[in-house]
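>
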Amino acid sequence: MHLRPLALPAIPELLVAYGAPFMARRPWVGALVLLATLMEPSIGGLGLAAGLAALGTRALLRLPALVSELDVLNAVYVGLVLGAFHGLDAHGLSLGLAVLGGAMTVLLGTALAPRLQQMRELPLLGAPFLLSAWVLLATARALDLPMRGISHAATLLDLPTWLDQGLSLVGALLYVANPLSGLVLGAALLLASPALGLLTLAGGTWAWGLTTLGLWAAAGDLAMTTPSTLTSPLPMLAAFNGALTALVLCTQMLPQGRAWGVITAGVLGSTVLSAAGWMLLRPLGLPVLSAPFLLTVWLLRAALRAEHSAFWARFWLQEPLIPEESLSRLRLEHARGVDRSSLALRLPFQDRMDVSQGVDGPHTHQGPWRYALDFIRTEQGRSFRGAGQLLSDFHTFDQPVLSPVWGWVVSCRHDLPDNAPGEINLHENWGNHVLIRLGAAEDDRHVLLAHLRQGSLLVLPGQWLVPGMLLGRCGNSGRSAQPHLHLHVQRGGWLGAPTCPFHLTGYQQDGGRFVLDGTPHQGQALSQPASHPALTQALSLPAGRVWRFSVGAQFWTLWVELDVLGNPSLVSDRGARMAATHTDLLFALHQRSGQPDPILDAFALSLGLTPLMAADGTWCDAPSIDLLPMQPLQRLRRVLRHPLGDNLSSHYRRHWDAEQAHWVQRGTHRLTLLGGAMQAETTVWLRPEEGPVGFELRIAGQTEIRANLAGFGNHGDHGVPAWSVDLAAPTLTAS
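Per my numbering, the sequence shown starts with residue 85, numbered consecutively.
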């Protein structure tokens with residue numbers, strides 16, 4: 085009888101599970117971790133058996149996989165622990181327990197994950213492993229399986245004592261205290277993420293050092309310098325939990341500012357809990373395992389929540405990321421002007437206006453009212469025509485005022501007379517105004533637009549507003565010596581409430597520079613860019629939309645997918661993915677994931693931030709360095725120059741080619757390396773009807789990738805037929 089090999093289809097899932105603790109996306113990292121466990125075959129073999137049992141149980145019961153194969157990872161660790169404490173016995177009892185542990189972790193993981201998420205949004209982590217391991221180790225003790233415990237394993241390597249013991253501690257992360265295992269595991273860690281690897285090793289080393297010094301001090305004080313005291317397994321236990329705590333917190337928090345203090349405190353807390361757990365559980369015959377790490381992370385996640393203090397909202401990540409990637413996303417947000425603590429507002433006016441007083445302005449934007457902007461309109465440097473004796477002489481007077489947000493009108497007033505030029509009303513500081521509450525019910529921020537023209541308001545209290553809706557006209561009421569528009573964001577629904585940070589989004593500065601998000605300064609001129617309807621439609625992201633490009637002798641396909649929340653992503657036929665954003669202002673790409681695909685990377689560099697405005701313009705961005713193809717030596721120079729990662733410095737310029745009837749959008753991307761720099765250029769050709777009809781990536785003057793649009797269409801859906809349009813290869817030049 086021919087038996088179909090059941091293990092082969094499970095190999096990709098197994099490798100994902102083995103690499104999951106280190107946030108590794110490449111299967112070869114998981115293969116290295118698996119190899120590290122097999123340095124002790126009796127340990128690694130039981131871990132492998134438990135992992136396969138978990139996959140089999142999941143398939144048999146038709147249960148969904150947890151994120152990053154977390155159920156399989158917990159099962160692997162159960163098998164590793166059984167191997168470390170009992171090895172392979174002659175009767176196969178430990179193997180049977182490992183298989184049982186694989187099934188238990190799948191059931192526990194499936195049951196616990198949603199419950200923990202509902203309870204303070206706690207991550208599952210190693211909870212199924214810990215519960216299963218305690219049950220199975222107690223069972224093994226009841227079955228009188230021989231104990232061998234975790235101890236340093238000798239190898240043929242002739243290493244200095246300190247290096248041999250240090251590598252063994254690294255291997256102990258997998259319950260394999262073997263220097264060869266530690267060497268392979270350390271290499272996998274550093275290759276997956278140099279920053280995460282170093283921080284993990286630092287956390288384990290610090291915990292080991294604290295515990296060892298504490299034991300030495302206690303032995304010296306009590307004159308009990310016995311070998312058993314100084315060879316206690318406690319330092320290894322503390323190092324194990326300290327390393328895991330550092331690893332997980334560095335992937336769940338943005339590693340900057342006070343987060344470093346939290347990570348440091350977490351390692352210290354897990355060290356203390358390791359010592360306490362060792363004393364409390366030893367009489368019960370149960371090992372502490374990863375309980376200190378699990379309790380420490382859960383405690384920090386439950387205590388430092390945004391609902392307790394909004395300060396911590398900016399530090400916790402929505403999804404686990406390696407430090408290089410989380411910092412790269414932060415740098416991209418900063419380059420694009422995104423600030424999670426600041427409210428984004430659209431321009432409250434049409435055409436062009438100047439900032440006459442900015443944040444911390446010298447006249448009235450001080451103290452509780454420091455976060456505010458005043459706008460006036462000037463022509464040839466003057467705010468009025470003629471002698472400026474009449475309000476109608478001022479260019480700002482009677483200009484339309486638009487809603488900058490979605491929200492409800494809380495209060496409004498338009499009965500106050502406008503002041504004559506040079507006069508002010510100190511009794512009604514804000515004059516005629518509109519106060520808007522944001523749409524979110526839990527948000528107490530309000531937007532105030534003040535000094536409006538008497539009798540010009542077109543809205544009423546309780547009315548729902550959308551950005552761009554006409555509210556009224558600029559005037560000179562209240563504390564206003566000349567017609568201007570005052571804008572601020574405040575906490576509370578009464579006039580005079582303290583202001584809070586905000587910024588403007590989607591505007592152009594003088595010179596044509598497009599700013600996605602920014603806080604303009606006094607004297608800067610801002611204008612509302614006119615969107616291009618055809619280009620906006622061409623770069624829209626309906627579900628199933630498809631672009632097909634010819635790249636040399638092959639075709640490359642890109643299509644749109646929507647997740648359960650309706651967020652679009654671009655997915656290539658090579659399994660690569662990028663999250664996408666499309667508004668009436670811009671088309672943007674971010675958060676690269678999936679399989680390697682240099683063509684998608686070149687597409688993202690060319691088109692990753694594209695304003696949908698009709699005019700020519702310039703702008704800046706900071707894409708991830710992972711989008712730029714590099715040789716191994718260049719990657720090494722990059723890591724040495726930027727150990728925590730870096731972003732590209734990208735500058736874009738777009739102009740209309742009237743002869744070819746398309747836009748030419750060119751980007752220059754620069755990255756500093758150790759001992760120099762590298763630079764790349766991109767070009768994308770945009771037509772109002774088809775969108776991107778071609779793109780190109782050049783490095784050092786050589787064309788790396790050149791793609792031409794061969795067709796576009798839609799995948800179709802149930803009841804909606806698919807359609808496509810084939811195109812002839814366009815003639816494209818970078819003129």
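C-beta: ideal position from N, C-alpha, C; glycine also.
As the structure is a prediction and not an experimental result, all values here were calculated from the model.
Taking Gly131 as the reference, give the member of Arg109, Ala609, Ala168, Leu145 with the closest Cα.
Considering only alpha carbons, the answer is Ala168.
> Ignore the nearest five residues each way along the sequence and tell me which others in Arg454's own chain have a CB closer than 7 Å to its CB.
Only Val443, Asp444, Thr583 meet the Cβ criterion.
> Could you give the distance in angstroms between the alpha-carbon of Gly590 and the alpha-carbon of Asp705?
Going from the Cα of Gly590 to the Cα of Asp705 covers about 14 Å.
> Please list, in chain order, all residues of the same chain as Gly281 whose beta carbon is under 6 Å from its beta carbon, the five residues on each side excluded.
Once the five neighbours on either side are set aside, the close Cβ partners of Gly281 are Leu273, Leu274.
> At the level of alpha carbons, what is the spacing between His666 and His511?
Each residue's alpha carbon lies about 45 Å from the other.
> Taking three-plus beta-carbon pairs below 8 Å as touching, is the region 345 to 363 in contact with the region 403 to 412?
Segments in contact, no.
> In terms of residue numbering, what span does the beta strand (DSSP E) encompassing Cys704 cover?
It spans 701 to 705 - the beta strand (DSSP E) in which Cys704 sits, taken as one unbroken run.
> Do Gly562 and His517 come within 9 Å of each other at the CB atom, strictly closer than that value?
Yes, these two residues count as a Cβ contact at 9 Å.
> Leaving aside the five residues before and after Cys334 along the sequence, list all residues of the same chain whose C-beta is less than 7 Å from its C-beta, in chain order.
Result list for Cys334: Leu280, Leu283, Ile347, Pro407, in chain order.
> Nearest to Asn731 by CA position, among Gln763, Ser615, His746, is which residue?
Nearest C-alpha to Asn731: Gln763.
> Between Glu645 and Ala688, what straight-line distance do the alpha-carbon atoms span, to the nearest angstrom?
In a straight line, the C-alpha of Glu645 is about 16 Å away from that of Ala688.
> Taking 9 Å as the threshold (C-beta atoms), are Ser487 and Gly552 in contact?
Cβ atoms of Gly552 and Ser487: closer than 9 Å.
> Could I get the ranges of all uninterrupted alpha helix (DSSP H) runs contained in the region 675 to 739, with 4 residues as the minimum, in chain order?
Qualifying alpha helix (DSSP H) stretches, in chain order: 682 to 691, 716 to 725.
> Taking just the CA atoms, how far does Leu253 sit from Pro244?
Roughly 14 Å between the two C-alpha positions.
> Taking the alpha helix (DSSP H) that Ser216 belongs to, which residues open and close that run?
Where Ser216 is concerned, the enclosing alpha helix (DSSP H) stretches over 211 to 226.
> Starting from the Cα of Gly607, find the closest Cα among Thr189, Val493, Ser467 and give me that residue.
For Gly607, the nearest C-alpha among the options comes from Ser467.
> Note the first and the last residue of the continuous alpha helix (DSSP H) segment covering Ser265.
Counting along the chain, the alpha helix (DSSP H) containing Ser265 begins and ends at 263 to 276.
> Going by alpha carbons, who is nearest to Gly140 out of Gly129, Thr189, Leu264?
Gly140 has its Cα closest to that of Thr189, out of Gly129, Thr189, Leu264.
> Measuring straight from C-alpha to C-alpha, what distance separates Pro776 and Gln786?
Rounded to whole angstroms, Pro776 to Gln786 spans 21 Å at the Cα level.
> For my contact list, His587 and Gly701 are in at a C-beta cut-off of 8 Å; report their separation, rounded to the angstrom.
Between Gly701 and His587 the Cβ distance is about 19 Å, and since that is not below 8 Å, they are no contact.
> Which residue comes first and which comes last in the alpha helix (DSSP H) that contains Asp155?
Segment 154 to 170, the alpha helix (DSSP H) holding Asp155.
> On the three-state DSSP scale, how would you describe Ser358?
If DSSP states are grouped into helix, strand and coil, Ser358 belongs with the helices.
> Would the region 372 to 381 and the region 352 to 362 be scored as touching if the rule is three or more Cβ pairs under 8 Å?
Counting Cβ pairs under 8 Å, three or more are found: they touch.
> Judging by CA-CA distance, which residue of Ser476, Phe481, Gly515 is the nearest neighbour of Ser495?
Nearest C-alpha to Ser495: Gly515.
> Within 10 angstroms of the Cβ of Phe639, are there 16 or more other Cβ atoms? Answer buried if so, exposed if not.
Exposed: under 16 other Cβ atoms inside 10 Å.
> Assuming Leu793 is part of the beta strand (DSSP E), what are its boundary residues?
786 to 798 is the extent of the beta strand (DSSP E) around Leu793.
> Are Leu519 and His535 closer than 9 Å when you measure CB to CB?
Taking 9 Å as the Cβ cut-off, Leu519 and His535 do not qualify as a contacting pair.
> Could you give the first and the last residue of the continuous alpha helix (DSSP H) run that contains Met188?
Looking at the DSSP string, the run of the alpha helix (DSSP H) that includes Met188 is 177 to 202.
> Can you tell me whether Pro311 is buried or exposed? The criterion is at least 16 other CB atoms within 10 Å of its CB, across all chains shown.
Reliability fails at Pro311, whose pLDDT of 40 lies under 50, so the model's placement of it is uncertain and the value that follows must be treated cautiously. It counts as exposed.
> How long is the line joining the alpha carbons of Ile789 and Gln744, rounded to whole angstroms?
Approximately 22 Å, taken between the alpha carbons.
> How far does the alpha helix (DSSP H) with Leu132 in it reach, from first residue to last?
Run containing Leu132: 125 to 144, per the alpha helix (DSSP H) assignment.
> When DSSP builds the beta bridges, which residues end up paired with His572?
DSSP lists Ala456, Leu532 as partners of His572.
> Taking the Cβ atom as the reference point for each residue, do Leu257 and Gly288 lie within a distance shorter than 9 Å?
Yes, the pair counts as a contact, with Cβ atoms nearer than the cut-off.
> Report yes if the CB atom of Ala609 is closer than 9 Å to the CB atom of Thr462, and no otherwise.
Yes, these two residues count as a Cβ contact at 9 Å.
> Using three-state DSSP, classify Leu306 as helix, strand or coil.
For Leu306, the pLDDT reaches just 42, beneath the cut-off of 50, and the residue's location in the model is therefore unreliable, although a value from the coordinates is still provided. If DSSP states are grouped into helix, strand and coil, Leu306 belongs with coil.
> According to the Cβ coordinates, are Leu192 and Leu209 closer than 9 Å?
Against a cut-off of 9 Å, the Cβ pair of Leu209 and Leu192 comes out as no contact.
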